[in-house]
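If you use full-length UniProt numbering, the sequence shown corresponds to residues 1 to 400, in order. Even glycine gets a Cβ: it sits at the ideal position worked out from N, Cα and C. Predicted model, so just to flag it, every value in this text is computed and none were measured.
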Amino acid sequence: MFSGIRVSAFLAWKSIQRGSQGTLALTIMIIALIFVNLVFLPSIISGVVVTFDTQSIDFDVGNLVIEPREGSRYIDGVDGLQKKVEQIPGITGTSPRITAGATFFYRGRNAASTLYGITPEDERSVTRIAEYMTAGEFLSGGDTDAIIIGATLAGTEGVEEGGLPSLEGVEVGDSVEVAYPNGETRTYRVKGIFETQSFGVDTAAFVTTREMSGVLGLDDQASAILVKTAVNGREEAYKREILSYGVQEDVLTFREKSGGFVEQAIQSFNIINAISTLVSLIIAIVVVFIVIFINTVNRRRQIGILKAIGIDQQIIINSYVLQVLFITAVGALVGIGLNAGVTTYLTAYPLVFPGGPVYPDVEASAILRSIASLFAVSVVAGYIPAWRIAREDILTAIRG
Numbered sequence: 001m002f003s004g005i006r007v008s009a010f011l012a013w014k015s016i017q018r019g020s021q022g023t024l025a026l027t028i029m030i031i032a033l034i035f036v037n038l039v040f041l042p043s044i045i046s047g048v049v050v051t052f053d054t055q056s057i058d059f060d061v062g063n064l065v066i067e068p069r070e071g072s073r074y075i076d077g078v079d080g081l082q083k084k085v086e087q088i089p090g091i092t093g094t095s096p097r098i099t100a101g102a103t104f105f106y107r108g109r110n111a112a113s114t115l116y117g118i119t120p121e122d123e124r125s126v127t128r129i130a131e132y133m134t135a136g137e138f139l140s141g142g143d144t145d146a147i148i149i150g151a152t153l154a155g156t157e158g159v160e161e162g163g164l165p166s167l168e169g170v171e172v173g174d175s176v177e178v179a180y181p182n183g184e185t186r187t188y189r190v191k192g193i194f195e196t197q198s199f200g201v202d203t204a205a206f207v208t209t210r211e212m213s214g215v216l217g218l219d220d221q222a223s224a225i226l227v228k229t230a231v232n233g234r235e236e237a238y239k240r241e242i243l244s245y246g247v248q249e250d251v252l253t254f255r256e257k258s259g260g261f262v263e264q265a266i267q268s269f270n271i272i273n274a275i276s277t278l279v280s281l282i283i284a285i286v287v288v289f290i291v292i293f294i295n296t297v298n299r300r301r302q303i304g305i306l307k308a309i310g311i312d313q314q315i316i317i318n319s320y321v322l323q324v325l326f327i328t329a330v331g332a333l334v335g336i337g338l339n340a341g342v343t344t345y346l347t348a349y350p351l352v353f354p355g356g357p358v359y360p361d362v363e364a365s366a367i368l369r370s371i372a373s374l375f376a377v378s379v380v381a382g383y384i385p386a387w388r389i390a391r392e393d394i395l396t397a398i399r400g
């Protein structure tokens with residue numbers, strides 16, 4: 001058995017040495033590019049998911065969000081509920097928010113968007129919006145005449161935001177008039193402008209809970225309470241823990257709050273990825289089949305002579321399979337190098353999506369899956385032409 005493998009390996013190596021080096025290099029490069037294609041798209045899909053999760057947790061809703069029970073508009077007894085939730089191990093912060101649709105007016109322009117009422121100290125413990133101020137400052141607890149707005153809502157003079165709400169040119173220190181849903185209007189000084197690259201956040205504005213509660217006539221009430229956990233990825237466990245403490249309000253993870261948007265996006269991406277993977281593997285099969293087929297046809301007479309001097313048919317077939325394994329192995333190694341280069345570049349210069357910058361997230365399982373797929377289809381594609389030629393009778397093979 002082992003002697004047969006050694007003979008197959010010897011024949012395979014001699015065939016590679018005496019074959020066209022240009023064809024060999026081109027075949028290896030094609031396999032490498034196919035490998036990159038198999039790994040690249042899944043890494044981008046994974047990167048999109050990571051970006052969305054990060055944006056949701058860091059800027060939008062935290063890890064968990066507590067909402068009013070069915071039939072209620074606001075959560076009552078916010079202070080007591082905060083204290084109850086914050087005593088749970090692993091909960092690092094909570095931030096009540098009052099949410100309302102509002103219309104913003106600035107120099108004859110207007111835009112309808114979302115206005116949030118927050119307690120600045122609590123908001124800092126849950127989200128990172130305060131770290132992304134591009135101009136001015138974040139809110140302070142005593143602010144009642146100040147507002148901070150997102151970069152998209154602030155806009156740029158003379159530049160439309162493609163259908164998104166924009167006041168086209170608001171700067172720090174300007175005055176913005178806000179019309180509340182109850183008919184009240186207030187004029188605020190723009191204290192700061194933030195940019196998180198999350199389009200749902202950058203089109204919004206924030207005032208203090210103290211100010212918004214006064215305008216809407218609320219007392220110790222909130223539209224939602226954002227919850228920050230010590231560890232990401234354990235939201236379901238923390239949700240069960242919060243409910244076990246007797247919380248009667250609805251508790252949602254950030255994924256549940258998104259309404260299935262991420263899952264739908266992933267499904268769409270996976271369909272695209274499946275089609276791309278199928279096409280790549282078909283290309284690999286065709287390339288390997290053609291290379292081995294031409295190789296065996298050109299060495300038909302040599303194969304006949306080998307059989308005539310007593311070399312077993314299976315040894316000859318195995319020699320071509322070993323050639324395929326060599327080409328695929330080198331191609332995969334080159335592909336790993338190319339993919340590392342692409343990943344490094346896109347890490348330095350990420351793709352810009354509406355939800356923020358997307359960095360490739362290369363998973364070891366994707367690499368192993370791609371390598372296994374390449375080897376499987378390559379071995380099959382190389383075995384078939386070798387088997388067809390090697391099974392010919394000796395005289396037919398020698399005659400060519």
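Report whether the distance from the Cβ of residue i to the nearest heavy atom of the ligand GTP is below 7 Å.
i      : result
Thr127 : The model on display carries no ligand, and the ligand GTP is accordingly not part of it.
Just to check my reading of the structure: residue i and residue j have Cβ atoms closer than 8 Å, yes? What is that Cβ distance to the nearest angstrom?
i      : j      : result
Phe105 : Val176 : 7 Å
Gly155 : Glu168 : 4 Å
Ile28  : Ile327 : 6 Å
Phe199 : Thr152 : 6 Å
Lys257 : Asn63  : Not really, about 10 Å apart at Cβ, beyond 8 Å.
Ser370 : Val288 : Contact flag wrong, Cβ pair sits at about 15 Å.
Tyr359 : Thr347 : 6 Å
Pro181 : Gly101 : 6 Å
Leu115 : Val178 : 7 Å
Ala32  : Leu338 : 6 Å
Ser319 : Leu11  : 4 Å
Would you kindly work out how many angstroms separate the C-alpha atoms of residue i and residue j, rounded to a whole number?
i      : j      : result
Met212 : Met133 : 21 Å
Met1   : Ile315 : A caution first: Met1 carries a pLDDT of 40, below 50, which makes its placement in the model unreliable, though a value can still be read off. Cα-Cα distance, rounded: 10 Å.
Ile294 : Ser56  : 55 Å
Asp79  : Asp220 : 7 Å
Thr209 : Asn273 : 46 Å
Lys84  : Leu216 : 26 Å
Asp304 : Val330 : The sequence shown places Gly at residue 304, rather than the Asp named in the question. Each residue's Cα considered, the two are about 29 Å apart.
Glu131 : Thr196 : 9 Å
Phe52  : Ile75  : 27 Å
Glu160 : Arg109 : 12 Å
Glu157 : Arg107 : 11 Å
Leu374 : Thr103 : 57 Å
Pro89  : Pro165 : 40 Å
Ala9   : Thr54  : 51 Å
Glu171 : Ile193 : 8 Å
Ala237 : Ala372 : 35 Å
Val190 : Pro68  : 31 Å
Ile30  : Gly150 : 47 Å
Pro357 : Ala390 : 54 Å
Val321 : Gly310 : 20 Å
Ser15  : Ile317 : 13 Å
Glu241 : Val334 : 48 Å
Asn298 : Ala308 : 18 Å
Ala332 : Phe206 : 51 Å
Ser276 : Tyr188 : 52 Å
Ile336 : Val231 : 32 Å
Val380 : Val251 : 52 Å
Asp312 : Phe35  : 34 Å
Gly341 : Pro350 : 13 Å
Gln21  : Val362 : 32 Å
Gln82  : Phe269 : 39 Å
Arg255 : Gly214 : 32 Å
Arg186 : Asp174 : 14 Å
In the DSSP output, what is residue i paired with across the bridge?
i      : result
Asn110 : Phe105
Ser95  : Leu226
Tyr116 : Thr99, Phe206
Gly136 : Gly192
Val251 : Ile66
Val159 : Thr156
Gly150 : Phe194
Gly75  : Here residue 75 is Ile; the residue named in the question, Gly, does not match the sequence. Ile75 is bridged to Ala222.
Inset, instruction - Evaluate contact between the region 96 to 104 and the region 224 to 237, counting only Cβ atoms and requiring at least three cross-stretch pairs below 8 Å. - result: These segments touch.
Legend entry - Completely contained alpha helix (DSSP H) runs for the region 9 to 65, where each covers 4 or more residues: Counting only runs of 4 or more, we get 21 to 55.
Legend entry - Three CB pairs or more closer than 8 Å across the region 37 to 47 and the region 364 to 377: Yes, the region 37 to 47 is in contact with the region 364 to 377.
Inset, instruction - Mind listing, in chain order, the continuous beta strand (DSSP E) runs of no fewer than 3 residues lying wholly within the region 166 to 212? - result: DSSP runs (the beta strand (DSSP E)) wholly in the region 166 to 212: 175 to 179, 185 to 194, 205 to 208.
Inset, instruction - Report yes or no: do the region 244 to 261 and the region 119 to 130 share at least 3 C-beta pairs separated by less than 8 Å? - result: They do not touch, by the three-pair rule.
Inset, instruction - Evaluate contact between the region 378 to 385 and the region 284 to 303, counting only Cβ atoms and requiring at least three cross-stretch pairs below 8 Å. - result: Using a Cβ-Cβ distance cut-off of 8 Å, the region 378 to 385 and the region 284 to 303 are in contact, since at least three pairs of beta carbons, one from each stretch, lie closer than that value.
Inset, instruction - Taking only runs that begin and end inside the UniProt domain "ABC3 transporter permease C-terminal" (277 to 393), name each unbroken alpha helix (DSSP H) of 4 or more residues, in chain order. - result: The UniProt domain "ABC3 transporter permease C-terminal" (277 to 393) contains these whole alpha helix (DSSP H) runs: 300 to 308, 313 to 348, 364 to 390.
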